[in-house]
Amino acid sequence: MSPCCAKCCFHEPLKIPIDLSMQSDVLKGPEMVRVSKFYKDSKDGKLISYMTEDAKTLYETFRKGAKESNNGPCLGWRETLNKPYQWMHYNETLLRARNFGSGLVSVGLSPNPNTYVGIYSQNCPEWILVEQGAYCYSMVIVPLYDTLGPDACAFIINQVEISIVICENDAKCNLLLDRAPRCLRKLISIHETRPATNQRAKNRGIEILRFEDIERTGALKSVPEVPPKPSDLCTICYTSGTTGNPKGVMLTHENVVASVCAVIMQLGDHKPTTNDIMISFLPLAHMLERCCENGMYLVGGAVGFYSGDIRNLSEDMKALRPTVTPAVPRLLNRIYDKVMAEVNPSFIKRVLFNMALSAKENEIKRGIIRSNSFWDKLVFRKVQDGMGGRLRLMVVGSAPLAGNVLTFIRCALGCLVVEGYGQTECCAPITLTVQGDHVPEHVGPPVSCCHVKLVDVPEMEYYASSNQGEVCVRGTNVFKGYFKDQETTYETIDQDGWHHTGDVGQWLPNGTLKIIDRKKHIFKLSQGEYIVPEKIENVYIRSQYVHQVYVHGESLKSCIIAIVVPDVDVIKCWALENKIPGTLSVLCNNPEVKKLIMDDMTTWGKESGLKSFEQVKDIYLHPDPFSVQNGLLTPTFKTKRPQLKQYFKPQLEDMYVKLA
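Per my numbering, the very first residue in the sequence shown carries number 25; after that it's consecutive.
What follows is the structure, given as structure tokens:
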């Protein structure tokens with residue numbers, strides 16, 4: 025048991041690492057730049073790049089972790105749901121990674137940082153073997169993922185001129201073959217491919233090789249390693265925008281190592297150790313997961329991979345029993361909604377739940393984090409067991425998390441939950457909440473690898489002098505630019521090296537950052553009022569009846585309207601109580617249901633301080649969720665506004681006609 029777990033059992037409060045009433049420092053100068061209090065040299069304007077001299081690249085951090093672990097378990101997986109996890113230890117992982125990298129050189133790739141290796145696979149041990157194998161020879165990893173879509177994958181391969189892509193299986197090989205650019209010469213399949221697929225590839229001038237054969241070749245023809253420098257690229261991480269082609273974010277070894285070390289430094293006594301196990305289920309193509317995993321490898325911890333189907337995640341967690349996990353609001357909202365749907369219909373359950381929540385929240389306010397109280401055993405054990413029953417640390421990121429959900433998760437899981445804010449362009453973390461700060465709905469102070477400042481957004485009446493403005497970041501975690509896109513790079517990174525995030529933030533009195541708006545997606549109504557739809561959507565989404573919402577307005581119209589996807593479970597429960605029959609499609613056409621939802625949205629708007637012109641004047645209820653599959657969400661689950669506008673054009677026009 026780790027020291028912090030022992031403290032929790034004896035009900036000792038957390039050790040607060042800094043003064044929570046002032047969590048960041050301000051550098052001297054007119055820009056009011058804020059820095060971390062966790063790094064002793066931050067006040068002098070210095071930033072962390074690494075923690076030890078022998079671990080400045082991801083090649084070196086992995087080897088440091090191998091030593092720390094004393095050849096402990098590294099990569100875990102299981103063949104099927106009814107089988108236990110099996111483990112590849114660090115020394116075997118290092119050997120196999122080197123063999124694979126050597127094999128890549130043997131089949132024609134050059135061992136230098138101008139060589140790009142594509143990988144198209146779900147999270148699995150082979151993903152890490154490919155990544156570390158590439159780093160043995162200074163190559164650069166370029167992840168592809170399903171939700172990009174085949175056109176975007178082809179665009180990436182063509183833009184980067186990738187000649188070799190490692191694919192998970194036959195299906196992914198075929199997806200790439202559908203639109204294979206001329207530069208693609210070889211596919212390396214982790215699992216067996218069908219003869220028909222091999223022939224199809226051959227007809228296109230592409231050779232399909234087996235993963236194990238590349239490993240074997242590399243072992244037989246061992247090539248001397250060519251380790252990377254900190255300034256070398258380690259990955260090009262493509263982000264899917266709401267419009268146009270994806271952008272390739274160029275990140276160096278220094279960027280990733282600095283980010284990982286900054287988070288570990290801030291976690292202090294709660295940082296991962298060799299005794300920890302993390303579950304890997306968020307896409308490795310995204311930097312939140314990459315940073316979390318590389319943090320585990322740096323300290324010699326173990327990473328177990330989920331079985332590949334998110335519907336079985338709970339079963340995987342029960343089998344793996346992780347102590348550390350990253351998480352995203354989408355998952356936590358689902359857990360919260362499921363619990364509330366079970367609790368709400370029963371008066372007794374509701375009373376017990378509220379008592380348990382209140383008791384646990386009071387403990388958290390006193391700094392006590394534990395999962396063995398009376399209320400844990402009576403009310404929250406099912407939630408804890410569903411995540412393996414041993415969690416001690418959860419890192420939440422990628423999107424805003426509602427305060428009530430964050431508080432619930434902290435109470436129900438009885439583990440330390442920290443929430444971060446970041447972007448791919450900053451290698452994930454920009455800020456991170458501090459252990460012991462129980463107040464939700466802010467994202468903490470800057471981490472020690474970056475400086476953060478706010479700049480004026482006059483068109484939205486946000487001014488840095490009032491501690492509000494666009495969030496700008498400069499530091500060792502900030503990317504080098506967009507691949508082959510200097511124009512967009514210059515639009516994003518100014519001449520002084522500040523990355524302009526497009527997010528609008530506010531410095532709270534305690535030196536933490538709160539994200540309050542989005543600079544982009546602004547439009548004017550006919551009376552000249554500025555509308556920021558995402559801000560309004562973030563208010564309405566708090567309604568228990570609203571699953572998804574898209575706020576729309578036009579410069580020639582005087583008001584805004586919305587498309588709302590109702591929460592199916594809540595609406596059906598309400599309909600049952602009110603004896604209103606019908607499927608969700610039928611209920612969406614029911615005037616009573618529409619009034620119920622719109623009234624609740626309006627109430628939330630008033631409570632959140634929305635102005636009259638920021639309240640929607642009509643809504644259309646749609647039974648089917650926005651999704652990546654129907655083209656209305658990006659792969660990171662952000663709304664595609666132009667596509668939504670086009671998709672719902674008839675309904676939007678009809679609402680405006682009725683309002684007129």
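Note that beta-carbon positions come from the ideal geometry of N, C-alpha and C, so glycine has one too.
Can you give me the start and stop residues for the alpha helix (DSSP H) that residue i sits inside?
| i | result |
| --- | --- |
| G427 | G427 to L437 |
| R405 | R405 to G410 |
| L440 | L440 -> not in any alpha helix (DSSP H); beta strand (DSSP E) instead, spanning L440 to Q447. |
| L549 | From DSSP, L549 is part of no alpha helix (DSSP H); its letter is neither H nor E. |
| S130 | Y114 to S130 |
| R87 | L82 to S93 |
| V563 | P557 to Y564 |
| E515 | Q510 to T516 |
| D43 | From DSSP, D43 is part of no alpha helix (DSSP H); its letter is neither H nor E. |
Please return the same chain residues whose Cβ sits closer than 6 Å to the Cβ of residue i, not counting the five positions on each side in sequence.
| i | result |
| --- | --- |
| I373 | According to the sequence provided, residue 373 is Lys. The question's Ile does not apply to it. V367, listed in sequence order. |
| K544 | G526 |
| A79 | T85 and K88 |
| K245 | S130 |
| E36 | none |
| C32 | With a pLDDT of 40 at C32, under the threshold of 50, the modelled position of this residue cannot be trusted; read the value that follows with caution. Counting only Cβ-Cβ distances below 6 Å, and skipping sequence neighbours, we find I393 and R394. |
| P41 | G292 |
| R434 | I388 and V441 |
Would you mind stating whether residue i and residue j have Cβ atoms separated by less than 7 Å?
| i | j | result |
| --- | --- | --- |
| I190 | I165 | no |
| M274 | M302 | no |
| L537 | T455 | yes |
| D400 | V348 | no |
| E485 | V528 | no |
| C473 | A282 | yes |
| S331 | G410 | no |
| R542 | E558 | yes |
| I565 | Y554 | no |
| D624 | S567 | yes |
| V429 | Y360 | yes |
| V594 | L608 | no |
| K67 | D43 | no |
| L425 | P353 | yes |
| C261 | T448 | yes |
| K581 | S632 | no |
| H462 | I388 | yes |
| G468 | M46 | no |
| N318 | V287 | no |
| V407 | A436 | yes |
| L38 | G438 | no |
| Y671 | I621 | no |
| T431 | E443 | no |
| K664 | Y506 | no |
| V323 | T297 | yes |
| V280 | S162 | no |
| S255 | T276 | yes |
Starting from the C-beta of residue i, find all residues in its chain whose C-beta is less than 7 Å away, skip the five residues before and the five after it, and write them out in chain order.
| i | result |
| --- | --- |
| M679 | I585, D642 and Y644 |
| G499 | L71, C473, C474 and H475 |
| S120 | According to the sequence shown, residue 120 is Arg rather than Ser. Taken in chain order, the residues that qualify are L153 and E239. |
| Y63 | I72, M289 and S472 |
| S134 | none |
| L683 | C583, K641 and D642 |
| V479 | A488, G493, E494 and C496 |
| V481 | G493, E494, V528 and K543 |
Along the beta strand (DSSP E) that carries residue i, what are the first and last residues, could you check?
| i | result |
| --- | --- |
| F329 | A326 to F329 |
| S304 | I301 to S304 |
| K477 | C474 to V479 |
| I539 | L537 to R542 |
Output needed for residue i: all residues of its chain with C-beta closer than 8 Å, excluding positions within five of it in sequence on either side, in chain order.
| i | result |
| --- | --- |
| G69 | L51, V59 and H475 |
| P350 | M302, L306, L312, E313, C316, M418, V419, V420 and G421 |
| N336 | L105 and Y330 |
| L676 | H576, I585, I587, Y644 and K669 |
With a threshold of 8 Å, are at least 3 pairs of Cβ atoms found where one atom belongs to the stretch 165-174 and the other to the stretch 135-145? With the cut-off at 8 Å, the stretch 165-174 and the stretch 135-145 touch.
Counting only runs that start and end within the stretch 145-193, where is the beta strand (DSSP E) found for 3 or more residues in a row? Fully enclosed beta strand (DSSP E) runs of 3 or longer: 164-168 and 188-191.
Could you pull out every unbroken beta strand (DSSP E) segment of at least 3 residues lying fully inside the stretch 203-284, listed in chain order? Counting only runs of 3 or more, we get 210-213, 231-234, 257-263 and 271-276.
Under 8 Å, with one C-beta from each stretch per pair, do the stretch 100-110 and the stretch 126-141 reach the 3-pair mark? Contact between the stretch 100-110 and the stretch 126-141 is absent, because fewer than three Cβ pairs lie under 8 Å.
Given 8 Å, three or more beta-carbon pairs between the stretch 197-216 and the stretch 228-243: By the Cβ test, the stretch 197-216 is in contact with the stretch 228-243, since at least three Cβ pairs between them sit closer than 8 Å.
Completely contained alpha helix (DSSP H) runs for the stretch 305-391, where each covers 4 or more residues: Complete alpha helix (DSSP H) runs here, min 4: 311-323, 337-344, 353-367 and 371-389.
Of all the beta strand (DSSP E) runs that stay within the bounds of the stretch 577-650, which reach a length of 3 or more residues? Runs found: 585-590 and 643-645.
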